[in-house]
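Just so you know, the sequences run in chain order R and Y. Numbering-wise (the working numbering), the first sequence opens with residue 1 and increments by one. Numbering-wise (the working numbering), the second sequence opens with residue 144 and increments by one.
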Amino acid sequence: MDKAASANPAFRRYRRRFIPITAAYVAGIALATWLIPDKAPANFTTITIAALPGLAVIGWLWAMARMLIELDDEYLRLLEVRKAMVATGLTMGITSFWGILELFSPEVPKLPVFFVFPIWCLGLAVGQLVNRRTFGDSSGGCP
Amino acid sequence: MNNRLKVLRAERSWSQQDLAERLGVSRQSVNAIETGKYDPSLPLAFRIADLFEESIEAIFVRD
């Protein structure tokens with residue numbers, strides 16, 4: 001993406017929102033790792049700490065939705081939507097495939113649901129590559 | 144859909160960046176429209192037509 005496009009105010013605002021939300025997500029995971037012992041009961045403390053990364057993920061999706069609303073360039077918006085669609089398709093495909101394996105083959109290791117969002121984020125990177133290959137462009141607003 | 148955007152731009156000695164600024168879009172958008180990778184929405188097609196003082200059909204033609 002060229003500098004002029006990445007300087008779009010919608011991308012700038014998105015990046016400003018993204019940083020504190022990412023900090024909350026990382027802090028939530030760090031707190032969970034530090035404070036929740038293995039095989040902990042699902043009590044108030046455990047649920048509260050686990051909710052923090054969940055709320056951060058909602059915040060991320062809200063920030064992306066705001067960016068799509070505020071982005072006044074229809075072509076850049078198309079690139080962002082395509083990226084999210086590739087990420088969603090990949091995530092659904094991988095988790096459905098693995099989910100069926102888990103249901104019917106007990107020897108297959110369980111994929112913790114926690115990894116659904118990181119897989120989706122990796123899907124965004126794949127979506128960026130798809131945009132680059134099909135359009136020759138990749139939007140740079142959304143990590 | 145084909146278009147005459149590149150020719151119209153060249154007649155005015157505008158760069159893609161110049162045209163993008165006049166239209167209020169990114170240079171990437173202008174490049175994608177010029178190369179036929181992306182067909183603009185009707186509102187953007189009207190903005191392009193107004194800028195070049197031509198009709199939409201005179202700028203955008205069917206394959």
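For glycine and all other residues, C-beta sits at the position ideal for the given N, C-alpha and C. As the structure is a computational prediction, the values presented were derived from the model and not from experiment.
- At least one beta carbon of chain Y lies nearer than 8 Å to the beta carbon of L76 (chain R).
- If only complete runs of 4 or more residues are kept, the region 153-191 of chain Y shows the alpha helix (DSSP H) at 159-166 and 170-177, in order along the chain.
- Non-local beta-carbon contacts of A175 (chain Y) in its own chain, meaning distances under 6 Å to residues more than five positions away in sequence, involve Y181 in chain order.
- Identification of residues in the region 116-141 of chain R having a C-beta nearer than 9 Å to some C-beta of chain Y yields T134, F135, G136, D137 and S139, given in sequence order.
- By the Cβ neighbour-count rule, G123 (chain R) is buried, with 16 or more other Cβ atoms within 10 Å of its own.
- Residue contact check for S158 (chain Y) against chain R: no CB pair falls below 8 Å.
- Between the alpha carbons of L31 (chain R) and D161 (chain Y) lies a distance of about 51 Å.
- With a contact defined as Cβ atoms closer than 8 Å, S158 (chain Y) and Y75 (chain R) miss out at about 17 Å.
- A contact is defined here as three or more CB-CB pairs under 8 Å, and the region 14-21 of chain R meets this definition with respect to the region 51-60 of chain R.
- At the C-beta level, V86 (chain R) and V126 (chain R) come within 8 Å of one another.
- The C-beta distance from F11 (chain R) to M92 (chain R) rounds to 27 Å, too long to fall under 8 Å, and the pair is not in contact.
- For the region 182-193 of chain Y, residues whose beta-carbon sits nearer than 9 Å to a beta-carbon of chain R comprise P183, S184, P186 and L187.
- Inclusion of S172 (chain Y) and D38 (chain R) in the CB contact set at 8 Å is not warranted, their separation being larger than that value.
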